[in-house]
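A.B. asks: Numbering (my numbering), first residue to last: 10 to 222.
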Amino acid sequence: MSVLDAILQPKLAAEGLRPRDGVADMTHISDIDVEGINENLLVRYNRDEIYTYTGTILVAVNPYKFLKIYEGETVEKYSGKKMGEAPPHVFATAEAAFLNVRNSDQNQSCVISGESGAGKTETTKFILQYLCTVTDSVTKWVEQQILEANTILEAFGNARTVRNDNSSRFGKFMQVCFNSQCEIMGCIIQEYLLEQSRITFQAKEERNYHVFY
Numbered sequence: 010m011s012v013l014d015a016i017l018q019p020k021l022a023a024e025g026l027r028p029r030d031g032v033a034d035m036t037h038i039s040d041i042d043v044e045g046i047n048e049n050l051l052v053r054y055n056r057d058e059i060y061t062y063t064g065t066i067l068v069a070v071n072p073y074k075f076l077k078i079y080e081g082e083t084v085e086k087y088s089g090k091k092m093g094e095a096p097p098h099v100f101a102t103a104e105a106a107f108l109n110v111r112n113s114d115q116n117q118s119c120v121i122s123g124e125s126g127a128g129k130t131e132t133t134k135f136i137l138q139y140l141c142t143v144t145d146s147v148t149k150w151v152e153q154q155i156l157e158a159n160t161i162l163e164a165f166g167n168a169r170t171v172r173n174d175n176s177s178r179f180g181k182f183m184q185v186c187f188n189s190q191c192e193i194m195g196c197i198i199q200e201y202l203l204e205q206s207r208i209t210f211q212a213k214e215e216r217n218y219h220v221f222y
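Have a look at this one:
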């Protein structure tokens, strides 16, 4: 729990938030360990709350089902808001980066990591989708080029594995380019690190890259 919360909510500070409460920001839990983290994430997952903060870090749990939390009204809910003013969401992280670009005129980075099937590819798409939506000046052609480029990258860099039928077997560094008015001008893929060994050898029940089929 933060010092500010302890001052404003002394009773809550005395009792402490618990993992079984499904806390939105795990830094507010008074006593936390690995078991508590898993319990907190499970409670929120069962409520279809797949996003949880750990300070400024966003933890996402793949729901493996469709959730209506990426619609236009959700974008409006997070547009112009600081992180923490609305429930945890990937749009909040994207908005925080966009606000810092606009207000500080400095480059910002979003690092997306996780094991196979965690939802890294989809998270990247959601961030790009959000940035294209809140930047009103982006043309439909530019937006289409940015969002659909992922389809080509997946064809050459995704493959079926034992754990995931569409597993990304590559890492990439994407740079979204803004002009001086914070309008999106395009997107550059600076690094594309491919799992080259898969081209010549695939484990049992796994496949080569999609483009070969």
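Think of the CB as a built atom: it goes at the ideal place given N, C-alpha and C, for glycine as much as any other residue.
So, at 8 Å on beta carbons, what are the nonlocal neighbours of A158 in its own chain, with the 5 sequence-adjacent residues on each side left out?
C.D. replies: Taken in chain order, the residues that qualify are C196 and I198.
A.B. asks: Are L51 and T61 closer than 8 Å when you measure CB to CB?
C.D. replies: Cβ distance not < 8 Å, so L51 and T61 don't count as in contact.
A.B. asks: Taking 8 Å as the limit between beta carbons, can you name the residues of its chain near G76, skipping five residues before and five after?
C.D. replies: Rather than Gly, the amino acid found at residue 76 in this sequence is Leu. Cβ neighbours of L76 beyond the five flanking positions: D57 and I59.
A.B. asks: Quick check: P156 and L137, are their CB atoms within less than 8 Å of each other?
C.D. replies: In the sequence on display, residue 156 carries Leu and not Pro. In this structure, L137 lies closer than 8 Å to L156 by Cβ.
A.B. asks: So Y54 and V70 are supposed to be a Cβ contact under 8 Å. How far apart are they, rounded?
C.D. replies: About 5 Å separates the two Cβ atoms, so the contact holds.
A.B. asks: Can you tell me which of T130, K134 and Y222 puts its alpha carbon nearest to the alpha carbon of R178?
C.D. replies: Closest option to R178, Cα to Cα, is T130.
A.B. asks: Could you tell me the boundaries of the alpha helix (DSSP H) in which L51 lies?
C.D. replies: Counting along the chain, the alpha helix (DSSP H) containing L51 begins and ends at V43 to N55.
A.B. asks: According to DSSP, S39 sits in a beta bridge with which residue or residues?
C.D. replies: None, per the DSSP bridge assignment.
A.B. asks: Ordered along the chain, which non-local residues of its own chain (more than five positions away) have a Cβ less than 7 Å from that of A33?
C.D. replies: If we look at A33 and ignore the five residues flanking it on each side, its Cβ neighbours are T61, Y62, P96 and P97.
A.B. asks: Going by C-alpha to C-alpha distance, which of S122, Y87 and I121 sits closest to A105?
C.D. replies: It is Y87.
A.B. asks: By the 10 Å Cβ neighbour count, where 16 or more other Cβ atoms means buried, how is I66 classified, buried or exposed?
C.D. replies: I66 should be labelled exposed.
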